[in-house]
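Below you'll find the structure, written out as structure tokens, and then a few comments.
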Ligand code: BES
Ligand code: MN
Ligand code: ZN
């Protein structure tokens, strides 16, 4: 979708979007338009349920004097409470409303401001950003052949009429870059796993080089030389070659240590020999969601030319059960030298991350390391589909990430690490086992990862509950969410730039 900015004037044709406050309060321009149409807007509002709440919309056909115009009223909710997120939801509601009318372009009169103190005043950018995020839908495999599933018309162009279009246009570039990163990540996560092999993923990563990201791909022979046996063990039951991709964005000073982002990229998780039940197994196409977020974040940072050094490392494997697959009871020696008894081949994400974390801290000596993974069903039992779980060996780091998440509407809940949980993954046969007792499964998974951080400042985000949504959200259509791209981008700009 194309977002453009133009001078404020009252249009007389096309789809014209107006903001309406609580209790149907029209803005000054809204009142002017209402007069031009002989009170049609206030009459339409009077005879409908529309009341100006956030997320509400109402289309009003122009009277004969304005027969080429359709007015779309969008609720803002309480404008006294209006902040960045509210402005984004307002923009997202525009997309939803215009698409429901099956129209492809509209003009928005943006004549209200963000009133919450301390937030950016450029409401038009936030509106455009929300509209962009909500306009994403994954239609790659919808041909239109099925009667019941015709692709809906896409919103192609939105013109935002504002007081200072030049300033808004310049400031908007940053937001469109972030939205591009979010949407790139959503494309990756949505791709079906017959196409999405580890090599397909590494080819997608290579696309980032055109943005100035340095991309290196390690195949199985290189990983074997580096003794990444924990990762390789997971991939050995698949005919598809495992990959590790390292993406470096050097937008900061050359002497500054980088921030490292590490992602679980299981392109399909059958569970391996500890095979999963059939029901719902198709969800495991998005078991590379952590890697998807890391790649999308690298995309955003490079596209907006962030002034920071950030390295993204993803471990890409397919977890399959064939004649060569890893067995329960196998013991593998990870790159760190620590040995792991594989009790359950379905606890594979932590095996992949063990080598990725070790490699990352050893090679880059980063200032901090943040990993993301659709790691456990247990985190979904604890937090459902709204909050991601966050663990850290440094409270300050966790707080910075949680704050960044709150500012962009990606909610994170701090869960505990503790020696008492750590000892639950001790094994009599090896240095550790890959699963603990039934209870606290997301915590023992995090404890497992901590053993591969070598004491570096580290945070782990278990995003199993939030990487995919089964229902539409205010800013996102259902499907892949790109969870974490916006939070990490914000974390970088608030703490590393
Ligand atoms: N990829 C799954 C976790 C998952 C479940 C992600 C549902 C998204 C939705 C992970 O590899 C897994 O299988 N975890 C097991 C661990 C268990 C065997 C200790 C789980 O959570 O059941
Ligand atoms: Mn698994
Ligand atoms: Zn998995």
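In our numbering, the protein residues as written are 1 to 497. In this text, a Cβ means the ideal position worked out from N, Cα and C, and glycines have one as well.
{"Query": "Looking only at its chain, what residues have a beta carbon closer than 8 Å to the beta carbon of residue 229, apart from the 5 residues adjacent to it on each side?", "Result": "332, 333, 334, 335, 355"}
{"Query": "Would you identify the three-state DSSP class for residue 243, choosing helix, strand or coil?", "Result": "strand"}
{"Query": "Hey, residue 346 and residue 397 are a contact pair by Cβ (cut 8 Å); roughly how many whole angstroms apart?", "Result": "About 29 Å; that fails the 8 Å criterion."}
{"Query": "Below 8 Å, can you find three or more Cβ-Cβ pairs linking the segment 243–261 to the segment 300–309?", "Result": "yes"}
{"Query": "Please report the straight-line C-alpha distance between residue 278 and residue 424, rounded to a whole angstrom.", "Result": "30 Å"}
{"Query": "Between the segment 9–22 and the segment 66–81, can you find at least three pairs of beta-carbon atoms closer than 8 Å?", "Result": "yes"}
{"Query": "Any heavy atom of the ligand MN closer than 7 Å to the beta-carbon of residue 346?", "Result": "yes"}
{"Query": "Residues in its own chain within less than 7 Å of residue 241 by CB, not counting five upstream and five downstream?", "Result": "198, 199, 219, 220"}
{"Query": "Does the contact criterion of 3 or more C-beta pairs under 8 Å hold for the segment 168–184 versus the segment 307–325?", "Result": "no"}
{"Query": "Enumerate in chain order the residues of its own chain whose CB-to-CB distance from residue 394 is below 7 Å, with the five nearest sequence positions on each side excluded.", "Result": "457"}
{"Query": "Suppose only complete runs of 4+ residues qualify. What are the alpha helix (DSSP H) ranges in the segment 316–395, listed by chain order?", "Result": "349–364, 378–383"}
{"Query": "For the ligand ZN, which residues count as neighbours when the test is a C-beta closer than 5 Å to any heavy atom?", "Result": "266, 269, 287, 349"}
{"Query": "Since residue 92 contacts residue 158 with CB under 8 Å, what's their CB separation in whole angstroms?", "Result": "That belief does not hold up - the Cβ atoms of residue 92 and residue 158 are roughly 12 Å apart, past 8 Å."}
{"Query": "Indicate, with yes or no, if the ligand SAH has a heavy atom lying under 7 Å from the CB of residue 434.", "Result": "For the ligand SAH, the structure offers nothing, since it holds only the ligand BES, the ligand MN and the ligand ZN."}
{"Query": "Whole angstroms is fine: what's the gap from residue 225's alpha carbon to residue 341's?", "Result": "21 Å"}
{"Query": "Can you tell me the Cβ-Cβ gap for residue 501 and residue 378, rounded? I've got them flagged as a contact below 8 Å.", "Result": "No information on residue 501 is available, as it lies outside the stretch 1 to 497 that the chain covers here."}
{"Query": "Is any heavy atom of the ligand MN found at a distance shorter than 7 Å from the C-beta of residue 235?", "Result": "no"}
{"Query": "Tell me whether residue 297 sits in a helix, a strand or coil according to DSSP, three-state version.", "Result": "helix"}
{"Query": "Restricting to Cα atoms, I'd like to know which of 12, 138, 361 is closest to residue 35.", "Result": "12"}
{"Query": "For the segment 224–279, list the beta strand (DSSP E) runs that are entirely contained and at least 3 residues long, ordered along the chain.", "Result": "243–250, 259–269"}
{"Query": "Do you know whose CA, among 148, 257, 160, lies nearest residue 87's CA?", "Result": "160"}
{"Query": "Report the start-end ranges of each alpha helix (DSSP H) in the segment 146–171 that is 4 residues or longer and not cut off at the edges.", "Result": "none"}
{"Query": "Mind checking residue 38: buried by the 16 CB within 10 Å criterion, or exposed?", "Result": "exposed"}
{"Query": "Looking at the secondary structure, which residues open and close the alpha helix (DSSP H) in which residue 96 lies?", "Result": "84–100"}
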